[in-house]
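**Q**
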Amino acid sequence: SQQGCDPFAQTQRSKLQHRRARINQQINKEMRMRAGAENLFRATSNHKVKETVALELSYVNSNLQLLKEELEELNSSMDVYQNDSESISVPMIPLGLKETKELDLLGPLKDFISEHYGEEGVLFEKEIKEFMELRQAMRTPSRNEAGLELLMEYYNQLYFLDSRFFPPTKTLGVFFHWYDSLTGVPSHQRALAFEKGSVLFNLGALHTQLGARQDRASLPGLNQAIQAFQRAAGAFNYLKENFSNAPSLDMSAASLTMLVRLMVAQVQECVFEKVTLLCAQSDFLARLQLAQEAARVEEVYSLVHQTMSQPHVKDYVPFSWITMVHVKSEHFKALSHYFAAIALCDCPAPLDAELLEQEKAFLQFHVTMPEGPSLGVLLQDPEERRKLGKAHLKKAIMKHEEAMRIHGLCKILRKMDILQEVLSFAHKRSLSKYSEIDHEEDFFETGEAPDIHPKTLQKPEIKSPNFSQVKVTDLFHRLGPLSVFSAKNKWYPARRVHLMRGENGFGFTLRGDSPVLIAGVIPGGCAAEAGLKEGDYIISVNGKDCKWSKHAEVVQLLKSTGKEGVDIGVITLQGSECPKAVDRKAAAMSSGCGMPKSNKENSRKSLMNSKGASTLLVWSKRSKRSKKSPHSGIPFTAVGDNEAMY
Numbered sequence: 001s002q003q004g005c006d007p008f009a010q011t012q013r014s015k016l017q018h019r020r021a022r023i024n025q026q027i028n029k030e031m032r033m034r035a036g037a038e039n040l041f042r043a044t045s046n047h048k049v050k051e052t053v054a055l056e057l058s059y060v061n062s063n064l065q066l067l068k069e070e071l072e073e074l075n076s077s078m079d080v081y082q083n084d085s086e087s088i089s090v091p092m093i094p095l096g097l098k099e100t101k102e103l104d105l106l107g108p109l110k111d112f113i114s115e116h117y118g119e120e121g122v123l124f125e126k127e128i129k130e131f132m133e134l135r136q137a138m139r140t141p142s143r144n145e146a147g148l149e150l151l152m153e154y155y156n157q158l159y160f161l162d163s164r165f166f167p168p169t170k171t172l173g174v175f176f177h178w179y180d181s182l183t184g185v186p187s188h189q190r191a192l193a194f195e196k197g198s199v200l201f202n203l204g205a206l207h208t209q210l211g212a213r214q215d216r217a218s219l220p221g222l223n224q225a226i227q228a229f230q231r232a233a234g235a236f237n238y239l240k241e242n243f244s245n246a247p248s249l250d251m252s253a254a255s256l257t258m259l260v261r262l263m264v265a266q267v268q269e270c271v272f273e274k275v276t277l278l279c280a281q282s283d284f285l286a287r288l289q290l291a292q293e294a295a296r297v298e299e300v301y302s303l304v305h306q307t308m309s310q311p312h313v314k315d316y317v318p319f320s321w322i323t324m325v326h327v328k329s330e331h332f333k334a335l336s337h338y339f340a341a342i343a344l345c346d347c348p349a350p351l352d353a354e355l356l357e358q359e360k361a362f363l364q365f366h367v368t369m370p371e372g373p374s375l376g377v378l379l380q381d382p383e384e385r386r387k388l389g390k391a392h393l394k395k396a397i398m399k400h401e402e403a404m405r406i407h408g409l410c411k412i413l414r415k416m417d418i419l420q421e422v423l424s425f426a427h428k429r430s431l432s433k434y435s436e437i438d439h440e441e442d443f444f445e446t447g448e449a450p451d452i453h454p455k456t457l458q459k460p461e462i463k464s465p466n467f468s469q470v471k472v473t474d475l476f477h478r479l480g481p482l483s484v485f486s487a488k489n490k491w492y493p494a495r496r497v498h499l500m501r502g503e504n505g506f507g508f509t510l511r512g513d514s515p516v517l518i519a520g521v522i523p524g525g526c527a528a529e530a531g532l533k534e535g536d537y538i539i540s541v542n543g544k545d546c547k548w549s550k551h552a553e554v555v556q557l558l559k560s561t562g563k564e565g566v567d568i569g570v571i572t573l574q575g576s577e578c579p580k581a582v583d584r585k586a587a588a589m590s591s592g593c594g595m596p597k598s599n600k601e602n603s604r605k606s607l608m609n610s611k612g613a614s615t616l617l618v619w620s621k622r623s624k625r626s627k628k629s630p631h632s633g634i635p636f637t638a639v640g641d642n643e644a645m646y
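What follows is the structure in structure tokens.
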């Protein structure tokens with residue numbers, strides 16, 4: 001079975017997670033105290049008590065404020081997640097994992113197995129413990145492919161847990177507790193959707209940590225970082241589209257939109273670094289391309305900055321993130337102007353053969369046309385090129401200074417030497433270029449350089465999680481095939497029937513596999529006499545469990561019985577006696593409940609057993625996994641395959 005990391009291995013990152021867990025516990029305690037104090041404040045009419053409580057409340061609130069600041073500082077510890085290479089890469093923003101409380105499922109699942117499945121819960125202790133061990137391991141996934149697989153394995157196992165133990169009409173009665181990754185505020189819900197969603201969030205967060213730790217000075221490292229941030233964007237996007245009404249802010253639609261955009265921006269930044277690495281630096285067109293790539297990075301970071309600055313988002317996004325994103329948008333704007341200037345000032349005027357191609361590229365380069373001579377003249381006149389280049393450098397220097405000013409406003413970022421180095425290096429580079437091309441006898445007023453048109457060679461892709469890449473087997477396989485033995489089906493207690501073979505056999509027809517279904521009972525035959533009914537499932541023959549048996553295996557067992565006859569165990573699904581009525585009722589319920597589409601995963605409770613629910617759930621994909629559709633009135637769908645009379 002899969003293992004989580006040793007949570008006590010004191011790596012930098014696990015120290016971080018420990019501090020985060022400790023802060024989460026303190027926040028939890030303070031919030032309980034606050035809730036108690038607020039209740040007392042509302043309930044009491046005693047003036048003296050009110051004053052004391054008000055004092056305590058202000059104390060608790062300031063404590064909470066301090067804890068949240070400490071947590072924010074942790075969320076901003078980007079350097080811990082960065083790689084150790086010598087080269088300078090601008091830090092990326094990784095997310096911390098959501099913490100969760102331990103969960104004891106032993107009692108609730110054993111009870112459910114005996115009540116719903118009519119089996120002895122004690123006999124399934126091994127499986128329940130194995131599931132709980134898997135949950136325990138996924139709380140501390142290692143920061144590599146194995147950690148991602150562990151989260152996927154648990155997420156896929158939740159599909160089976162859902163199908164086996166969470167009927168549409170009631171909950172299991174256990175609470176899933178998770179802490180908000182950004183604020184540390186605890187939330188809990190009975191809905192399994194909250195557990196699934198939180199695991200999915202951690203899958204995205206782990207991808208961000210993998211992306212941030214790559215050595216982006218090399219091409220393989222860059223490609224891995226791009227892949228990781230694209231997969232992080234995919235996980236957050238999938239969460240946003242398939243889950244809703246999450247009780248914690250980090251999983252709200254606004255927050256997830258922001259995270260998807262942040263990841264896309266980080267991908268775009270890696271693409272810029274990749275183009276820089278691959279570029280033949282001295283080439284005019286290559287430098288135009290770099291300028292346009294930088295403008296594209298600026299554009300996506302500006303969008304992230306807008307998203308983070310929205311009223312309901314900016315209160316809980318760490319200030320250091322908002323600053324970082326703002327700094328990057330200014331920094332890349334400066335770089336776009338710098339590379340434009342370099343293209344104009346450091347590259348020779350085009351030869352006749354190159355002129356047409358360069359003119360064409362330059363025509364789509366600026367957002368608005370630069371003032372002055374026509375492009376053909378400009379490109380061939382070194383003095384005109386210098387003038388426009390100087391205007392671009394002037395703008396670059398202004399933007400570099402703006403980036404450094406914003407960076408200085410955030411005390412957490414001020415501690416980040418790497419970022420400081422990158423900003424001041426870029427600033428100095430632009431300054432020295434400016435003084436190199438600035439002539440003392442320049443009497444012209446340097447014009448306003450137009451902005452550069454954003455363009456990229458590689459558009460970021462949002463890569464949804466591929467759940468099928470991690471194969472899992474249903475831990476509760478022994479309960480029987482899911483098409484019948486699921487939480488949403490109900491059946492009458494199992495009956496044991498003794499059959500003697502008559503002249504014409506047993507007098508029934510069988511159909512399908514796992515479990516085999518009695519498709520027809522001949523009136524007056526042995527089966528009819530013994531009380532077998534059409535629609536019964538055979539679950540045992542002579543004491544041998546047949547829930548998973550194939551058609552031929554059951555036939556073989558029946559045929560090998562002698563004169564003493566055979567004991568057959570059968571169950572009848574409730575509602576299968578008259579499937580048409582069931583279908584009509586479900587259709588009426590699904591059309592009558594008027595659920596808004598947006599409620600997705602968490603609305604499942606109110607849909608009860610309506611068939612409409614299946615279209616709203618993430619797990620509507622279940623029909624692809626099991627050959628039998630679990631949605632039909634009678635779950636036998638293998639119609640006509642080897643139906644025969646026995």
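Counting along the sequence shown from 1, when you hit position 464 you're at 464 in this note's numbering, and nothing is skipped either side.
Glycine included, C-beta positions come from ideal geometry on N, C-alpha and C.
Give every residue of the same chain whose Cβ lies closer than 6 Å to the Cβ of D180, excluding the five residues on either side of it in the sequence, and list them in chain order.
**A** As a first step, residue 180 is located in the sequence shown; it is residue number 180 there, counting from the start. So the list reads S248, L249, D250, once near-sequence residues are dropped.
**Q** Flag this pair as yes or no: are the beta carbons of H392 and A340 separated by less than 9 Å?
**A** On the sequence shown, position 392 is the one that residue 392 refers to. On the sequence shown, position 340 is the one that residue 340 refers to. Closer than 9 Å, so yes.
**Q** Does the beta-carbon of A586 have 16 or more other beta-carbons within 10 angstroms, so that it is buried, or is it exposed?
**A** Counting from one through the sequence shown, the residue named residue 586 turns up at place 586. Its pLDDT being 39, under 50, A586 is placed unreliably in this model, and the value from its coordinates should be taken loosely. Looking at its Cβ environment, which holds 16 or more other Cβ atoms inside 10 Å, A586 is buried.
**Q** Since C347 and G389 are thought to touch, with beta carbons under 8 Å apart, how far apart are those beta carbons, to the nearest angstrom?
**A** Your numbering for residue 347 matches position 347 in the sequence shown. Your numbering for residue 389 matches position 389 in the sequence shown. Contact flag wrong, Cβ pair sits at about 10 Å.
**Q** Give a single yes or no on whether G569 has its beta carbon closer than 8 Å to a heavy atom of the ligand ATP.
**A** You won't find the ligand ATP in this model; it holds no ligand whatsoever.
**Q** Which value, in whole angstroms, describes the spacing of the CA atoms of I437 and E383?
**A** For this step, residue 437 is matched to residue 437 along the sequence shown. For this step, residue 383 is matched to residue 383 along the sequence shown. C-alpha separation (whole angstroms): 10 Å.
**Q** Just reading off the beta strand (DSSP E) that Q189 is part of, what are its end residues?
**A** For the purposes of this step, residue 189 is identified with residue 189 of the sequence shown, where counting begins at 1. Its beta strand (DSSP E) spans residues 186-189.
**Q** Let me check understanding here. Comparing Cα to Cα, which of L40, F284, G507 lies closest to A528?
**A** Translated into positions along the sequence shown, residue 528 becomes position 528. Checking every option, the nearest Cα to that of A528 belongs to G507.
**Q** Spatial neighbours of S606 within its chain, please: CB distance less than 6 Å, with the 5 preceding and 5 following residues excluded, ordered by chain position.
**A** Walking along the sequence shown from the start, residue 606 turns up at place 606. With a pLDDT of only 35 at S606, under 50, the local geometry of the prediction cannot be trusted, and the value read off the model is given with reservation. Excluding positions up to five away in sequence, the list is empty.
**Q** Does the pairing of the stretch 250-260 with the stretch 225-241 give three or more beta-carbon distances under 8 Å?
**A** Contact holds: three or more Cβ-Cβ distances are below 8 Å.
**Q** Would you mind stating whether V271 and E293 have Cβ atoms separated by less than 9 Å?
**A** On the sequence shown, position 271 is the one that residue 271 refers to. On the sequence shown, position 293 is the one that residue 293 refers to. The answer is yes: Cβ separation under 9 Å.
**Q** Which of helix, strand or coil does DSSP assign to I437?
**A** Indexing the sequence shown from 1 puts residue 437 at position 437. Here I437 sits in helix by DSSP.
**Q** Can you tell me which of V199, T276, H312, R231 puts its alpha carbon nearest to the alpha carbon of P460?
**A** Position 460 of the sequence shown, counted from the start, is the residue given in the question as residue 460. Closest option to P460, Cα to Cα, is R231.
**Q** How big is the Cα-Cα spacing for R19 and W491?
**A** Here residue 19 refers to the residue found at position 19 of the sequence shown. Here residue 491 refers to the residue found at position 491 of the sequence shown. Straight-line Cα distance between these residues: approximately 50 Å.
**Q** Using 10 angstroms around the beta-carbon of A295, count the other beta-carbons present and answer buried if the total reaches 16, otherwise exposed.
**A** Walking along the sequence shown from the start, residue 295 turns up at place 295. Classification of A295: buried, given that the 10 Å Cβ count is 16 or more.
**Q** Note the first and the last residue of the continuous alpha helix (DSSP H) segment covering D162.
**A** If you number the sequence shown from 1, residue 162 lands on position 162. Counting along the chain, the alpha helix (DSSP H) containing D162 begins and ends at 145-165.
**Q** Could you name the residues that DSSP lists as bridge partners for K544?
**A** As a working mapping, residue 544 is identified with position 544 in the sequence shown. Answer by DSSP bridge pairing, in chain order: V541.
**Q** Quick check on the DSSP output: the alpha helix (DSSP H) that includes H312 runs from which residue to which?
**A** Taking the first residue of the sequence shown as 1, we reach residue 312 at position 312. Start and end: 311-314.
**Q** If you draw a straight line from the alpha carbon of L517 to that of F124, how long is it in whole angstroms?
**A** Working through the sequence shown from its first residue, we reach residue 517 at position 517. Working through the sequence shown from its first residue, we reach residue 124 at position 124. The straight-line gap from Cα to Cα measures roughly 26 Å.
**Q** Would you kindly report the start and end of the unbroken beta strand (DSSP E) that includes W178?
**A** The sequence position of residue 178 within the sequence shown is 178, counting from 1. That run of the beta strand (DSSP E) goes 176-179.
**Q** Since A519 is in the beta strand (DSSP E), which residue starts that stretch and which ends it?
**A** Locating residue 519 in the sequence shown gives position 519, where the first residue counts as 1. From DSSP, the beta strand (DSSP E) with A519 extends over 516-521.
**Q** Identify whether L510 lies in helix, strand or coil by the three-state DSSP scheme.
**A** Indexing the sequence shown from 1 puts residue 510 at position 510. Note: L510 maps to strand in three-state DSSP.
**Q** Can you find at least 3 beta carbon pairs, one from the stretch 367-377 and one from the stretch 397-405, that sit closer than 8 Å?
**A** The stretch 367-377 is not in contact with the stretch 397-405.
**Q** So what's I418 in DSSP terms, helix, strand or just coil?
**A** Residue mapping note: residue 418 aligns to position 418 of the sequence shown, counting from 1. I418: helix per DSSP, three-state reduction.
**Q** Just to confirm the assignment, what range does the beta strand (DSSP E) spanning D567 have?
**A** The sequence position of residue 567 within the sequence shown is 567, counting from 1. Here the beta strand (DSSP E) through D567 covers 566-572.
**Q** So, helix, strand or coil for L105, using DSSP?
**A** Taking the sequence shown and counting its residues from 1, the one referred to as residue 105 is at position 105. Of the three classes helix, strand and coil, the one that applies to L105 here is coil, per DSSP.
**Q** Would you list, in sequence order, the uninterrupted alpha helix (DSSP H) runs of no fewer than 4 residues that lie entirely inside the stretch 191-259?
**A** Whole alpha helix (DSSP H) segments, 4+ residues: 192-212, 219-242.
**Q** Take the Cβ of E564 as the centre, count every other Cβ of all protein chains shown within 10 Å, and call the residue buried at 16 or more, exposed below.
**A** Position 564 of the sequence shown holds residue 564. Counting Cβ neighbours within 10 Å, E564 comes out exposed, since fewer than 16 surround it.
**Q** In the DSSP assignment, find the beta strand (DSSP E) that holds V470 and state where it starts and stops.
**A** As a first step, residue 470 must be located in the sequence shown, where it is residue number 470. Where V470 is concerned, there is no enclosing beta strand (DSSP E), given that its DSSP letter is neither H nor E.
**Q** Relative to the alpha-carbon of R213, which residue among V53, S89, G107 has its alpha-carbon at the smallest distance?
**A** Along the sequence shown, one-based indexing puts residue 213 at 213. Measuring from the Cα of R213, the nearest candidate turns out to be S89.
**Q** Determine contact between the stretch 463-479 and the stretch 141-161, defined as no fewer than three beta-carbon pairs at a distance below 8 Å.
**A** At 8 Å Cβ cutoff, the stretches touch.
**Q** Note down, in chain order, each residue of its chain lying with its Cβ closer than 6 Å to the Cβ of E330, except the 5 sequence neighbours on either side.
**A** Position 330 of the sequence shown, counted from the start, is the residue given in the question as residue 330. Closer than 6 Å at Cβ, skipping near neighbours: K399, E402, A403.
**Q** Are L172 and P94 close, meaning C-beta to C-beta below 9 Å?
**A** If you number the sequence shown from 1, residue 172 lands on position 172. If you number the sequence shown from 1, residue 94 lands on position 94. Contact flag unset, no.
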